[in-house]
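*Asks:* Provided herewith is a single structure, encoded as structure tokens, for subsequent inquiry.
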Amino acid sequence: MSNVAGKTSNGYTYEGDHHPGSSGRVNWTATYRLKGEFAGIRHGLVHDMLGISTDGVDSAVKSDIESVWTDAA
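The sequence shown begins at 132 in the numbering used here and counts up by one.
Pasting the structure below:
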């Protein structure tokens, strides 16, 4: 399992983790905060990660964490 943290384009900070699933999938979970106050939790799955470097997986997970929070319908 690996930890990730960052800030979304709309100002929310997040902390999360990800771990490899099966068949090149990576599962992630993130907790979002705004000004230190809890704002929500999301989880997701990134596909096609077989053979991708650790930095590449981290980048893909962070991108998915961003899009799930900011592109929510």
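Each residue gets a CB set at the ideal place from its N, CA and C atoms; glycine is no exception.
Can you round the beta-carbon distance between I196 and A161 to whole angstroms, since I take them to be within the 8 Å contact cut?
*Replies:* Here residue 196 refers to the residue found at position 65 when the sequence shown is read from its first residue. Here residue 161 refers to the residue found at position 30 when the sequence shown is read from its first residue. Contact flag correct, Cβ pair sits at about 5 Å.
*Asks:* By how many angstroms is the C-alpha of V157 removed from the C-alpha of G137?
*Replies:* Taking the sequence shown and counting its residues from 1, one reaches residue 137 at position 6. Taking the sequence shown and counting its residues from 1, one reaches residue 157 at position 26. For G137 and V157, the distance between alpha carbons rounds to 18 Å.
*Asks:* Assign H149 to buried or exposed, taking buried as 16 or more other Cβ atoms, counted over all protein chains shown, within 10 Å of its Cβ.
*Replies:* Reading the sequence shown from its first residue, position 18 is the one you call residue 149. The residue is buried, with at least 16 neighbouring Cβ atoms inside 10 Å.
*Asks:* Flag this pair as yes or no: are the beta carbons of S140 and T201 separated by less than 8 Å?
*Replies:* As a working note, residue 140 is residue 9 in the sequence shown. As a working note, residue 201 is residue 70 in the sequence shown. Taking 8 Å as the Cβ cut-off, S140 and T201 qualify as a contacting pair.
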